[in-house]
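Colleague: A single structure is presented below for examination.
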Amino acid sequence: MKPEIVSLKVNGQVHQVIVTPNMTLSEVLRGPLDLTGTKQGCGVGQCGSCTVLVDGTPTLSCSTLAIAVRDSEILTIEGLSTGDRVHPVQQAFIDLGAIQCGYCTPGMILMAVALVDENPNPTREDVKEWLGGNLCRCTGYVKIVDAVMAAAQTLREGDCR
Amino acid sequence: MSERLSIIGKSMSRWQAHEKATGAARYGADVKLPGMLVGKILFSPHAHARIVNVDTSKAEQLAGVEAVITWKDIPPEVYNPNKMNLMLRHPEGEIKDTQVLTDKARYVGDRIAAVAAIDTATAEKALELVDVTYEVLPAVFDPVEAMKPGAPKVHDFADNNVPMHFDFPFGWGNVDEGCGESDAVVEETFRSASNHICQMEPCAVVADFSVEGKLTIWSPTQHPFLVRRKIADLFGIAEGSINWITPHVGGAFGKYSGFCVEPVCVALAQKARRPVKIELTREEDLLSTERRQKYITTARMGVRKDGSIVALSENLIVDGGAYYTQNGTTTNVNIGSFLGVYRHPNVAASATMVYTNVPPTGGVRGYGNHEATAAREQLLDVAAAEIGMDPLEMRLRNVKHAGDPSSTGIPMETCPFEEIIKLGAERIGWKEKKARPKGTGSKRYGVGMAIAMDVSGAQPFALQQSNAFLKFNEDGSVTLFMNAPDLGQNVTGTMAQIAAESLGLEYDDVHVVKGETDSALFDSGIHASRGTYQFGNAVIAAAEDAKKQLLERAAKTLGVPLDDLEIKAGRIRTKSLPRKWVSVKDVVRGAIYNFEGEHLQIVGKGSYSPAENPPPIHAVFTEVEVDCETGVTTILRILYVADSGTIINPLAAEGQVEGAIQQSVGYVLTEDYVIDAKTGALESSNLNTYKCPGTLDMPDIEVVFYEDAPVPSGPFGAKGLAQGAICGVTPSIANAIYDAVGIAITDMPATPERILEALGRASVTAARN
Numbered sequence: 001m002k003p004e005i006v007s008l009k010v011n012g013q014v015h016q017v018i019v020t021p022n023m024t025l026s027e028v029l030r031g032p033l034d035l036t037g038t039k040q041g042c043g044v045g046q047c048g049s050c051t052v053l054v055d056g057t058p059t060l061s062c063s064t065l066a067i068a069v070r071d072s073e074i075l076t077i078e079g080l081s082t083g084d085r086v087h088p089v090q091q092a093f094i095d096l097g098a099i100q101c102g103y104c105t106p107g108m109i110l111m112a113v114a115l116v117d118e119n120p121n122p123t124r125e126d127v128k129e130w131l132g133g134n135l136c137r138c139t140g141y142v143k144i145v146d147a148v149m150a151a152a153q154t155l156r157e158g159d160c161r
Numbered sequence: 162m163s164e165r166l167s168i169i170g171k172s173m174s175r176w177q178a179h180e181k182a183t184g185a186a187r188y189g190a191d192v193k194l195p196g197m198l199v200g201k202i203l204f205s206p207h208a209h210a211r212i213v214n215v216d217t218s219k220a221e222q223l224a225g226v227e228a229v230i231t232w233k234d235i236p237p238e239v240y241n242p243n244k245m246n247l248m249l250r251h252p253e254g255e256i257k258d259t260q261v262l263t264d265k266a267r268y269v270g271d272r273i274a275a276v277a278a279i280d281t282a283t284a285e286k287a288l289e290l291v292d293v294t295y296e297v298l299p300a301v302f303d304p305v306e307a308m309k310p311g312a313p314k315v316h317d318f319a320d321n322n323v324p325m326h327f328d329f330p331f332g333w334g335n336v337d338e339g340c341g342e343s344d345a346v347v348e349e350t351f352r353s354a355s356n357h358i359c360q361m362e363p364c365a366v367v368a369d370f371s372v373e374g375k376l377t378i379w380s381p382t383q384h385p386f387l388v389r390r391k392i393a394d395l396f397g398i399a400e401g402s403i404n405w406i407t408p409h410v411g412g413a414f415g416k417y418s419g420f421c422v423e424p425v426c427v428a429l430a431q432k433a434r435r436p437v438k439i440e441l442t443r444e445e446d447l448l449s450t451e452r453r454q455k456y457i458t459t460a461r462m463g464v465r466k467d468g469s470i471v472a473l474s475e476n477l478i479v480d481g482g483a484y485y486t487q488n489g490t491t492t493n494v495n496i497g498s499f500l501g502v503y504r505h506p507n508v509a510a511s512a513t514m515v516y517t518n519v520p521p522t523g524g525v526r527g528y529g530n531h532e533a534t535a536a537r538e539q540l541l542d543v544a545a546a547e548i549g550m551d552p553l554e555m556r557l558r559n560v561k562h563a564g565d566p567s568s569t570g571i572p573m574e575t576c577p578f579e580e581i582i583k584l585g586a587e588r589i590g591w592k593e594k595k596a597r598p599k600g601t602g603s604k605r606y607g608v609g610m611a612i613a614m615d616v617s618g619a620q621p622f623a624l625q626q627s628n629a630f631l632k633f634n635e636d637g638s639v640t641l642f643m644n645a646p647d648l649g650q651n652v653t654g655t656m657a658q659i660a661a662e663s664l665g666l667e668y669d670d671v672h673v674v675k676g677e678t679d680s681a682l683f684d685s686g687i688h689a690s691r692g693t694y695q696f697g698n699a700v701i702a703a704a705e706d707a708k709k710q711l712l713e714r715a716a717k718t719l720g721v722p723l724d725d726l727e728i729k730a731g732r733i734r735t736k737s738l739p740r741k742w743v744s745v746k747d748v749v750r751g752a753i754y755n756f757e758g759e760h761l762q763i764v765g766k767g768s769y770s771p772a773e774n775p776p777p778i779h780a781v782f783t784e785v786e787v788d789c790e791t792g793v794t795t796i797l798r799i800l801y802v803a804d805s806g807t808i809i810n811p812l813a814a815e816g817q818v819e820g821a822i823q824q825s826v827g828y829v830l831t832e833d834y835v836i837d838a839k840t841g842a843l844e845s846s847n848l849n850t851y852k853c854p855g856t857l858d859m860p861d862i863e864v865v866f867y868e869d870a871p872v873p874s875g876p877f878g879a880k881g882l883a884q885g886a887i888c889g890v891t892p893s894i895a896n897a898i899y900d901a902v903g904i905a906i907t908d909m910p911a912t913p914e915r916i917l918e919a920l921g922r923a924s925v926t927a928a929r930n
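Note that the protein sequences, when read in sequence, are chains A and B. Everything in the first sequence is counted per my numbering, starting at 1 for the first residue and increasing by one. Everything in the second sequence is counted per my numbering, starting at 162 for the first residue and increasing by one.
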């Protein structure tokens, strides 16, 4: 398969990377771009660990070809913090015990960010439904849902990032 | 606690949660080294086959391939990939029957060969070029079939595929006589499910010989020093020449009590003379790493009308799969747990271990105990129904109390079973719920409960030792060196809380260096819920050692007697003259930047080997709704009451229990490790077919800690908690289903098909009668 140079805009920065047409976005992020915060739990789109935001939409990077998102804005977990300041969803995950082993965390957080962007006032049921495809094996999800609810409230109360 | 505690009992954020939330945390798969190769393993496509020949020449000639290995390249002796035989006084209890790469395939997924190449595509191509000639043999997948004469033999040394049979040596009384004296005797056969750990991070390992005289391994493990010794023994490398680094671990739950693929990775790195990383795919991880043993448990209980248990026994058939790993220990834990929770005069047990041509099993959260508790607690509800007694009352009549021996045989310092059962009963409204009508339509309501007991370590059965050391830094902060791996359970944060409390410092004053055998002292590793209890006590000892040196120095500086000093919030104060104080920082800095010839680096060391084994105890209450038309069980609510002594970090402790509940919900309702009955191939080989519970599968959960029974021997009164938190949940769900439909579901998981089948059988029987 013939490699080509593709420009990818990740976390606000444009990168020129050499990819073959069959390379997935997660391979490119974790490989040449060294953004290993994106985790791979299954490689076939069944666990949600590799979720990134493509133009604000949650996207399974293990099941997305890199060349297919060449014209998009890609946000990974590394791009969510602003300087020293973490996003309210990240802060809530840290404060409320939503993180144990941490492997599902980046995908879970980005998924939750997309939810609170779309629906600033979700119910617990909304959160559970939205995160239904993101698997976690450690937490029982209770504190993850707590964290998303708390972050939504923080954002509603005007955390102006 | 007589003293007021300032840090113990507070909900601190988990250790390194910030790193994990920002993507900075590095796991095995994230390790990158210059010149690193990709390692891949060739797994057997046959369930049972002799390997007549392996031709690797074509694979070796492929450009980009740096090493190809088979069993011929590996030390020839058989070994046991699990840690347990190094921890037992009598290591022959765990049989050595495994080769790193095998010359005979014993299950679909057995490891035949491995390659190291410049990238994944080349490695995969090379695997295709490894030419294996198999002589396919008949295979056996069912443990009962495997024991029959003439069944295919999985290992030559094991006649009838039974490598070991034992009668539990610690039985007492006479079960037959006890049953004779009983008013009712119930017997059931339970078939446990074999769920897979299925941690979110597929196993990933790196091995590197590039530093002269040093092998460095990055790998998730629960027992860094024990697995280091295993690699040392296998490859003839001195232990001191190996540094085992435990990176962040994406979930363990017992999985890393043995090797994942480390020996293969080391062998590839040795041959290629370059660093090698092996990352298993999800399918490979499901196929070729640890899962639960399958127990067929025939259990018998004799009871009197007043509810007292007179006799209890179990006979086990243990399907451990193709290799022995730690099936002996797991089964001993099963028997001890089965017999160790209630007071009863007559007990007996026996176990038959069986080899089959299915993937091997190993250590999974609550191993042995989980299946034993499920069988015992389900059987108790059947017995209670038989004598017409409330199962909760029956438990209260039979539970053990402080001073009684626990399931390990060691007398218990505390045992508030009665208190936690009553607390839970009141909180859930047991009496009213139990009396609630089951419903007349297709949906039936049920409520059930169960109790469980676990351990705070493996004493007196296994080597249990923790060593901690810490140093005071020039700024008055402390660095604690530890190698009890953090698997997400937050043992690191717990130890920081214990160190800070012991030293009179703030939580943020404690730094932790973790996860390297080169920079930590020996520790038995994380298993059996021993971290908080055992390592915590070692940390307290290390802190006391350092504190003594610090106060001696301060006493000199302040010119006051040593016993007049105390440390609070970073200040060393004179008890008699509260305004006379000196900061910890000034004392430490003065001891290091010392121009008077009285230089001192304060280092504290502490060791701990436990004499006690205080068991965490649990009472779990579950409400369900079972749809008798579809067979679907919906769990409405789970109430979990736990006694873990003092809770060091409530937020973290709750999270541990909530996670255990999730794994149990999966075990009972959604997860099924399915082997094709004709080929032995794994059918549930991905996350769509092996279904771990998601958010929508989870009921409402409430976790309550009973903290009125601090443990005298525990650090600040704490004991173990999380491992065994899975044990009581499974039978409480099963008992709620039993309450709803009146039939004990004895085969797990309780899928809709199984429930419909059981209901169908019952209605056929009813029609006949």
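Heads up, the beta-carbon is just placed ideally off N, CA and C, and yes, glycines get one too. Remember, predicted model here, so these are calculated numbers, not experimental data.
If you count every other CB in all the chains shown that lies within 10 Å of the CB of Arg-435 (chain B), and 16 or more means buried, which is it?
Modeller: What you label residue 435 (chain B) is simply residue 274 of the second sequence in a count that begins at 1. Classification of Arg-435 (chain B): buried, given that the 10 Å Cβ count is 16 or more.
Colleague: Leaving out five residues on either side along the sequence, give the residues of the same chain with a beta carbon under 6 Å from the beta carbon of Phe-329 (chain B).
Modeller: Here residue 329 (chain B) corresponds to residue number 168 of the second sequence, with the count starting at 1. Excluding positions up to five away in sequence, the list reads Ile-496, Ala-510.
Colleague: Tell me Val-52 (chain A)'s beta-bridge partners as DSSP assigns them.
Modeller: As a working note, residue 52 (chain A) is residue 52 in the first sequence. In the DSSP output, where bridge partners are listed per residue, Val-52 (chain A) has A:Thr-59.
Colleague: What do you get for His-357 (chain B), buried or exposed, if any count of 16 or more other CB atoms within 10 angstroms of its CB means buried?
Modeller: Along the second sequence, one-based indexing puts residue 357 (chain B) at 196. His-357 (chain B) should be labelled buried.
Colleague: When we look at the beta-carbon of Met-162 (chain B) and count the other beta-carbons within 10 Å, is it buried (16 or more) or exposed?
Modeller: What you label residue 162 (chain B) is simply residue 1 of the second sequence in a count that begins at 1. Here Met-162 (chain B) scores only 41 on pLDDT, less than 50, and its place in the model is too uncertain to base an answer on.
Colleague: Candidates A:Thr-154, A:Thr-59, A:Ile-74, A:Cys-138: which alpha carbon is nearest Met-111 (chain A)'s?
Modeller: Indexing the first sequence from 1 puts residue 111 (chain A) at position 111. For the residues A:Thr-154, A:Thr-59, A:Ile-74, A:Cys-138, the minimum Cα distance to Met-111 (chain A) belongs to A:Thr-59.
Colleague: Whose CA, out of B:Ile-256, B:Met-550, B:Met-462, lies closest to the CA of Tyr-484 (chain B)?
Modeller: Working through the second sequence from its first residue, we reach residue 484 (chain B) at position 323. If we check each option's Cα against that of Tyr-484 (chain B), B:Ile-256 comes out closest.
Colleague: Please check if any C-beta of chain A sits within less than 8 Å of the C-beta of Met-162 (chain B).
Modeller: For this step, residue 162 (chain B) is matched to residue 1 along the second sequence. The predicted position of Met-162 (chain B) is uncertain, since its pLDDT is 41 and thus under 50; a value taken from the coordinates is nonetheless stated next. Not an interface residue.
Colleague: With a cut-off of 8 Å, does the C-beta of Pro-120 (chain A) fall near any C-beta of chain B?
Modeller: As a position in the first sequence, residue 120 (chain A) is number 120, starting the count at 1. Chain B contact via Cβ: absent.
Colleague: Would you check if the distance between the CB atom of Met-859 (chain B) and the CB atom of Ala-354 (chain B) is smaller than 8 Å?
Modeller: Position 698 of the second sequence, counted from the first residue, corresponds to residue 859 (chain B). Position 193 of the second sequence, counted from the first residue, corresponds to residue 354 (chain B). No. Outside cutoff.
Colleague: Flag Gln-539 (chain B) as yes if its beta-carbon sits less than 8 Å from any beta-carbon of chain A, otherwise no.
Modeller: The residue you call residue 539 (chain B) lines up with position 378 of the second sequence. By this cut-off, Gln-539 (chain B) is not an interface position.
Colleague: Ignoring anything shorter than 3 residues or poking outside the stretch 620-696 of chain B, list the beta strand (DSSP E) runs there in chain order.
Modeller: For the stretch 620-696 of chain B, whole beta strand (DSSP E) runs of length 3 or above, ordered along the chain, are 627-633, 639-643, 671-675.
Colleague: Give me the Cα-Cα distance between Ala-911 (chain B) and Pro-854 (chain B), rounded to the nearest whole angstrom.
Modeller: In the second sequence, residue 911 (chain B) corresponds to position 750, counting from 1. In the second sequence, residue 854 (chain B) corresponds to position 693, counting from 1. Rounded to the nearest angstrom, the two C-alpha atoms are 14 Å apart.
Colleague: Closest by CA to Pro-120 (chain A), which one among A:Phe-93, A:Thr-139, A:Ala-150?
Modeller: Here the question's residue 120 (chain A) lines up with position 120 in the first sequence. The shortest C-alpha separation from Pro-120 (chain A) is found at A:Ala-150.
Colleague: With DSSP run on the structure shown, which of helix, strand or coil describes Thr-907 (chain B)?
Modeller: On the second sequence, position 746 is the one that residue 907 (chain B) refers to. In the structure shown, Thr-907 (chain B) sits in coil (DSSP, three-state: anything other than H, G, I, E or B).
Colleague: List the residues that DSSP assigns as beta-bridge partners of Met-614 (chain B).
Modeller: Taking the second sequence and counting its residues from 1, the one referred to as residue 614 (chain B) is at position 453. According to DSSP, which records beta bridges pairwise, Met-614 (chain B) is partnered with B:Ile-778.
Colleague: Here's the rule: buried if 16 or more other CB atoms are within 10 angstroms of the residue's CB, otherwise exposed. What is Gly-83 (chain A)?
Modeller: Taking the first sequence and counting its residues from 1, one reaches residue 83 (chain A) at position 83. So Gly-83 (chain A) ends up on the exposed side.
Colleague: In chain order, what residues of the stretch 64-82 of chain A put their CB closer than 8 Å to some CB of chain B?
Modeller: Hits within the stretch, in order: Thr-76, Ile-77, Glu-78, Leu-80, Ser-81.
Colleague: Comparing the C-beta of Val-142 (chain A) with each C-beta of chain B, is any distance below 8 Å?
Modeller: As a position in the first sequence, residue 142 (chain A) is number 142, starting the count at 1. Closer than 8 Å to some Cβ of chain B, the Cβ of Val-142 (chain A) qualifies, so yes.
Colleague: Across which residues does DSSP place Tyr-456 (chain B) in a beta bridge pair?
Modeller: Position 295 of the second sequence, counted from the start, is the residue given in the question as residue 456 (chain B). According to DSSP, which records beta bridges pairwise, Tyr-456 (chain B) is partnered with B:Val-479.
Colleague: How would you label Thr-123 (chain A), buried or exposed, when you count the other beta carbons within 10 angstroms and need 16 or more for buried?
Modeller: In the first sequence, the residue the question calls residue 123 (chain A) occupies position 123. Counting Cβ neighbours within 10 Å, Thr-123 (chain A) comes out exposed, since fewer than 16 surround it.
Colleague: Taking the alpha-carbon positions, what's the Asp-615 (chain B) to Pro-776 (chain B) distance?
Modeller: Counting from 1 along the second sequence, the entry for residue 615 (chain B) is found at position 454. Counting from 1 along the second sequence, the entry for residue 776 (chain B) is found at position 615. If I take the Cα positions, the gap works out to 5 Å.
Colleague: Express the C-alpha separation of Tyr-851 (chain B) and Thr-831 (chain B) in angstroms, rounding to a whole number.
Modeller: As a working note, residue 831 (chain B) is residue 670 in the second sequence. As a working note, residue 851 (chain B) is residue 690 in the second sequence. Looking at the two C-alpha atoms, the distance is approximately 8 Å.
Colleague: Give the single residue among B:Val-652, B:Cys-888, B:Val-560 whose Cα lies nearest to the Cα of Gly-527 (chain B).
Modeller: Indexing the second sequence from 1 puts residue 527 (chain B) at position 366. Here the closest residue by C-alpha is B:Cys-888.
Colleague: Just confirm the distance between the C-beta atoms of Gln-177 (chain B) and Ala-190 (chain B), as a whole number of angstroms; I'd bet it's less than 8 Å.
Modeller: Stepping through the second sequence from its first residue, residue 177 (chain B) is reached at position 16. Stepping through the second sequence from its first residue, residue 190 (chain B) is reached at position 29. Contact flag wrong, Cβ pair sits at about 17 Å.
Colleague: In terms of alpha-carbon separation, which member of A:Ile-94, A:Thr-38, A:Leu-75 lies closest to Asp-55 (chain A)?
Modeller: Position 55 of the first sequence holds residue 55 (chain A). If we check each option's Cα against that of Asp-55 (chain A), A:Leu-75 comes out closest.
Colleague: How long is the line joining the alpha carbons of Arg-156 (chain A) and Pro-88 (chain A), rounded to whole angstroms?
Modeller: For this step, residue 156 (chain A) is matched to residue 156 along the first sequence. For this step, residue 88 (chain A) is matched to residue 88 along the first sequence. Roughly 11 Å separates the two Cα atoms.
Colleague: Just the C-alpha distance for Gly-931 (chain B) and Arg-389 (chain B), rounded to the nearest angstrom, thanks.
Modeller: Nothing can be reported for residue 931 (chain B): it is not among the residues displayed for chain B, which extend from 162 to 930.
Colleague: So which residues of chain A does Lys-181 (chain B) contact, with C-beta pairs closer than 7 Å?
Modeller: Indexing the second sequence from 1 puts residue 181 (chain B) at position 20. Correct list: Ile-99, Gly-102, Thr-105.
Colleague: Do the stretch 580-598 of chain B and the stretch 652-667 of chain B make contact, defined as three or more Cβ pairs closer than 8 Å?
Modeller: In short, these stretches do not touch, since the Cβ pair count stays below three.
Colleague: So Glu-547 (chain B) and Val-347 (chain B) are in contact, right, with Cβ under 8 Å, and what is the actual spacing, rounded?
Modeller: In the second sequence, residue 547 (chain B) corresponds to position 386, counting from 1. In the second sequence, residue 347 (chain B) corresponds to position 186, counting from 1. The pair is a contact, with the Cβ atoms about 6 Å apart (cut-off 8 Å).
Colleague: Taking just the CA atoms, how far does Arg-272 (chain B) sit from Ile-230 (chain B)?
Modeller: Position 69 of the second sequence, counted from the first residue, corresponds to residue 230 (chain B). Position 111 of the second sequence, counted from the first residue, corresponds to residue 272 (chain B). In a straight line, the C-alpha of Ile-230 (chain B) is about 11 Å away from that of Arg-272 (chain B).
Colleague: Determine, for Glu-667 (chain B), whether the minimum Cβ-Cβ distance to residues of chain A falls below 8 Å.
Modeller: To locate residue 667 (chain B), count along the second sequence from 1; it is residue 506. Chain A contact via Cβ: absent.
Colleague: Using only CA atoms, which one of B:Ala-228, B:Gln-650, B:Gly-792, B:Ala-842 lies nearest to Gly-921 (chain B)?
Modeller: Here residue 921 (chain B) is taken as the residue at index 760 of the second sequence, counted from 1. Considering only alpha carbons, the answer is B:Gly-792.
Colleague: To the nearest angstrom, how far is it from the Cα of Ala-536 (chain B) to the Cα of Gly-501 (chain B)?
Modeller: The residue given as residue 536 (chain B) occupies position 375 in the second sequence. The residue given as residue 501 (chain B) occupies position 340 in the second sequence. Computed Cα separation, rounded: 13 Å.
Colleague: Quick one: what's got a C-beta closer than 6 Å to Gly-41 (chain A)'s C-beta in the same chain, skipping five residues either side?
Modeller: Numbered from its first residue, the first sequence carries residue 41 (chain A) at position 41. Excluding sequence neighbours, Gly-41 (chain A) sits near Cys-47, Ser-49.
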